[in-house]
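Residue numbers for the sequence shown follow numbering that gives the first Met the number 0, beginning at 0 and rising by one.
The structure under discussion appears below in the form of structure tokens.
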Amino acid sequence: MKLILTSFSILWVLFTTPVNTAGNAILVQSTTSTKNSGFYDYILPKFQAETGITVNVVAVGTGAAIKNARNCDGDVLLVHSPEHEQKFVADGYAEKRYDVMYNEFVIVGPNTDPAGLSEMQDVTLAFEKIALMGAKFASRSDNSGTHSKEPSIWREARLNPEAWSGKWYFETGSGMGTTLNTAVGMSAYTLVDRASWHSFSNKHDFQIIMEGDKRLFNPYGIMLISKEKCPSVKSKEGQLFIDWLISDKGQKIIGQFTINERRVFNPHSD
């Protein structure tokens with residue numbers, strides 16, 4: 000059984016400067032954590048001021064962003080699921096994947112920590128304990144980058160939580176904000192990237208319960224969509240955006256972005 004929730008999954012990020020009608024505006028297909036954290040509001044005006052290129056962003060789950068890119072809807076892809084990104088390149092939809100930044104996933108839950116995870120350091124054992132105790136867990140179940148990470152942990156634990164769907168395992172089929180709200184409402188654990196967590200305002204009694212396992216590493220990759228696959232791609236402007244982000248200057252600017260004085264994305268150069 001799936002918990003069906005309404006979600007506005009497609010969010011257009013448009014800045015106050017009008018889209019350039021001369022043709023040097025680009026479209027980036029991206030994951031929601033970058034948009035919802037305010038990262039684009041922070042960084043894109045700096046890029047536009049320096050280059051004159053307007054960047055418009057479609058922010059959806061990683062799976063949807065990759066699907067849109069495969070449908071030639073966009074010029075650049077920025078997501079966080081290395082396995083799917085590598086397949087995107089292998090299938091010829093991009094020549095190269097560039098590392099741009101990273102953060103980590105964390106497990107959040109009520110401060111009562113009903114499954115007693117706070118002293119644990121192994122995320123696989125933590126997931127095993129959630130299942131053993133039947134503690135509530137809210138899953139995005141939406142083919143996003145976050146959702147791609149979650150089942151990989153369950154597989155390491157040799158568990159299929161979908162067997163308990165609707166009992167203690169709840170599949171929202173929705174974005175991170177909706178899933179976090181569901182978790183808070185149900186006092187359930189959930190997996191979330193650090194940027195989304197720090198930008199989430201409805202925390203109530205929730206806190207980070209577990210962090211630090213190296214398997215929770217969350218890299219973000221950026222790719223120029225192939226002009227051979229998608230002739231309408233603005234390769235020059237798209238590559239300029241990529242080069243700017245991975246340059247020393249761009250990496251420094253990424254590292255200066257904070258939420259409540261906390262850095263939420265680490266530049267790849269760190």
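Glycine included, C-beta positions come from ideal geometry on N, C-alpha and C.
Residues near residue i in its chain [Cβ-Cβ closer than 6 Å; skip 5 each side]
i    : result
H83  : I65
Y219 : H79, V99 and M100
D204 : P109 and N110
W163 : none
A187 : K135, F136 and A137
A68  : Q28, L76 and I224
T20  : The predicted model places T20 with a pLDDT of 35, which falls under 50 and marks its position as unreliable; any figure quoted below should be read in that light. Closer than 6 Å at Cβ, skipping near neighbours: no residue.
R262 : none
G254 : P266
M132 : A114
Residue i to residue j span [Cα, whole Å]
i    : j    : result
L124 : A156 : 7 Å
D40  : V56  : 11 Å
E94  : N159 : 35 Å
I25  : T31  : 18 Å
F46  : T111 : 44 Å
N70  : A63  : 11 Å
E227 : K233 : 12 Å
K166 : T181 : 15 Å
I114 : I129 : Going by the sequence as given, residue 114 is Ala instead of Ile. Cα to Cα, the separation comes out at about 6 Å.
S316 : I208 : Because the chain is modelled from 0 through 269, residue 316 falls outside the range shown and cannot be assessed.
T61  : F87  : 12 Å
E260 : D72  : 35 Å
P150 : E161 : 10 Å
W247 : G176 : Strictly speaking, residue 247 in this sequence is Asp, with Trp absent from that position. Between D247 and G176, the C-alpha separation is close to 32 Å.
F256 : A89  : 32 Å
V105 : I152 : 12 Å
I245 : Q85  : 18 Å
CB contact flag (residue i, residue j, <8 Å)
i    : j    : result
F240 : M100 : no
K148 : L190 : yes
S80  : G144 : yes
V54  : V27  : yes
V122 : D212 : yes
F169 : K135 : yes
V107 : Q206 : yes
R277 : H146 : Nothing about residue 277 can be reported from this structure: the residues present for the chain run from 0 to 269 only.
S231 : Q250 : no
I42  : I252 : yes
Y92  : I221 : no
G172 : D141 : yes
Coil, strand or helix - residue i by DSSP
i    : result
E118 : coil
T189 : strand
V232 : coil
V183 : helix
E170 : strand
D268 : Looking at the sequence itself, residue 268 is Ser, so the reference to Asp does not match. Coil, per DSSP.
F256 : coil
R214 : helix
A162 : helix
R261 : strand
A270 : The question about residue 270 has no answer, for the chain in this structure spans 0 to 269.
G220 : strand
S200 : coil
S143 : coil
S281 : With the chain running from 0 to 269 in the structure shown, residue 281 is simply not present.
S287 : Beyond the ends of the chain as shown, which are 0 and 269, falls residue 287; an answer cannot be given.
Cβ neighbours of residue i in the same chain (closer than 8 Å, five flanking residues each side left out)
i    : result
I258 : S36, G37, A194, H197 and S198
W301 : One cannot answer for residue 301 here, as it falls past the ends of the chain, which runs 0 to 269.
N23  : G51, I52, T53, K233 and E236
M119 : A125, K128 and M209
Q238 : L223
Nonlocal neighbours in the same chain, by C-beta distance under 7 Å from residue i, ignoring five residues either side
i    : result
E103 : R193, E210, L215, F216 and N217
Legend entry - Uninterrupted beta strand (DSSP E) stretches inside the segment 46-132 (no shorter than 3 residues): 54-59, 75-78 and 97-109
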